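Student: In our numbering, the protein residues as written are -4 to 124.
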RNA sequence: CGAGUAAACAAGACAGCAGCGGGUACAGGCGUGGGAAACCACAGCCAGCCGAAAGGCAGUACAUGAGGAAAGUCCGAGCUUCGCAGGGCAGGAUAGCUGCUAACAGCAGCCGGAGGCGACUCUAGGGAAAGUGCAACAGAAAGAAACCGCCAGCCUUCAGACUGGUAAGGAUGGAAAGGCGAGGUAAGAGCUCACCAGCGCAUGGGAGACCAUGCGGCUAUGUAAACCCUAUCCGAAGCAACACCUGGUUAGAAAACAAUGCGGCGGCCCGUCGGGUUUUCGGGAAGGUGGCUUGAGCCGGCUGGCAACAGCCGGCCUAGAUAGAUUGUUGUCAAAUACAGAACUCGGCUUAUAUGUUUGGUCGCAGA
RNA sequence: CUGGGUAUAGCGCAGAUUGGUAGCGCGCUACCUUGGGGUGGUAGAGGCCGUGGGUUCAAAUCCCGCUACUCAGA
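1) From 15, 74, 92, pick the residue whose C-alpha is nearest to that of residue 82; which is it?
2) Taking all protein chains shown into account, decide if residue 73 is buried (16 or more other Cβ within 10 angstroms of its Cβ) or exposed.
3) Kindly list the residues whose CB is nearer than 7 Å to the CB of residue 40, restricted to its own chain and excluding five residues on each side of it in sequence; keep chain order.
4) Between residue 23 and residue 103, what straight-line distance do the alpha-carbon atoms span, to the nearest angstrom?
5) If you check the beta carbons only, do residue 94 and residue 61 fall under 8 Å apart?
6) At what residues does the beta strand (DSSP E) containing residue 21 begin and finish?
7) For residue 26, does the count of other Cβ atoms within 10 angstroms reach 16, so buried, or fall short, so exposed?
8) Could you pull out every residue in the same chain whose Cβ sits closer than 6 Å to the Cβ of residue 125, ignoring the five residues on either side in sequence?
9) Where residue 46 and residue 63 are concerned, what is the direct C-alpha to C-alpha distance, given to the nearest angstrom?
10) Alpha carbon to alpha carbon, how far is residue 9 from residue 15? Give it in angstroms, no decimals.
11) Skipping 5 residues on each side, what residues in its chain have a beta carbon closer than 7 Å to that of residue 13?
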């Protein structure tokens, strides 16, 4: 399946406003089904999480994690991964675990409201602990 | 051995697995998707193809791929554009001397000053007799000074008043008119002398800043990171510059002003060039490729120079992305932990920085 | 990439041109006024002027270096 990178600001804005999302201290994922016939992804690392070297590391780690998670995705989706301040300080495995679960949740369910999603997320958090 | 000082260097290594960028070898067409096109993407197909040529290309293989500060953007340059010469003013920058450099507010050596027992460190370090301003409060007075005091004269009833001399003493202040001692005097005073400090002149030394010696008279406080003066230098904007390509537009309407005017190298004046200009309404301002890495380059040796640096010889090619590659992860090494990511390119400065290694002086203690 | 601006009391701002006393409004504290509260009145506290140096007798102010925030243009 061909993979592409999201560059346009309007797609980012569309996902932030209309996409489904999962929140975690290490990573925030937005997802939306598209009609492109391929899966696209974008990474956002704001100035808040650190200097240029730290932002680059966050992006690298997220890309590496996505590369391994990618194979399990079915259908064509748009994803946006938002790095958070703790992302720069952990190993790739932890990001991968979080991302795997978030994508699984987002792609499996359909038409759930934001509130319910958040509930599921918090439950799974508790179970992990 | 301890303390302190100056400088240089490194900025993890190796192995396994997974992955990315551009480059080279070796040689693109079709298809699909995006697009108006140029062009871009794709392990979709074929095996060489397209093109007149130059040249171009999927896949595969190979080597290669962040820093000492890549940072801050504080200086200086290259490069590009502003149609084309220019002059002056304004404005800005620098400020001991000599050298180095493409240039600099940088560097090297030296001079003066400050600090340290010392090795050594720090230093915006021109001009205050060109002019103007300011020096609050206090104080008599902040510049050619008499409040108290001291001395002389004179008046007078003791007190004291008046006139004059006087910068030794008191008080104020950051600063009080060279410092200190002796002579001198009515009391005093560079009035005279010794030493010290400053200024001027002369002689000698030095490339120069300056230093040494001698003589002279004592006349002028501080502030120029206040205005200013002197000397030297400076056009502006920035790779989102700019060039080319594809496509589109390169229509127009209304009003006002117009040669003592308008526009252009941005402020002003002159010069010069252009031939309309301004406002409102309406249309367009999107994409691709180049610029993009061979350069005041790096490494080694020799020569010159105290050094910065320069010259010669030999060798090397060492990131070029465009939502932005250069890494992720595991193991071993005692630990790998700091600051931190090229974005047109160089030379500096400034700031951040874990840990480790090496070298040259200095001081103290002990021993031979 | 380029060019500006701001930082002063708990909050919002003066003071910087021309260097010597840090001030205004709201808020805060105490007291008075009221049966009580508000309003009103009187008095008071609260500042190493963002940070590190320098010039000066003396710096919020002048000069240099940092830090944070913020604006504009391409």
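Where a beta carbon is used, it is the ideal one built from N, C-alpha and C, also for glycine.
Just so you know, these numbers come straight off a predicted model, no measurement behind them.
Tutor: Looking at the atomic coordinates:
1) 92
2) buried
3) 50, 53, 54, 78
4) 17 Å
5) yes
6) Premise fails: residue 21 is in no beta strand (DSSP E) and is neither H nor E.
7) buried
8) Any question about residue 125 goes unanswered here, given that the chain covers just -4 to 124.
9) 27 Å
10) 11 Å
11) 27
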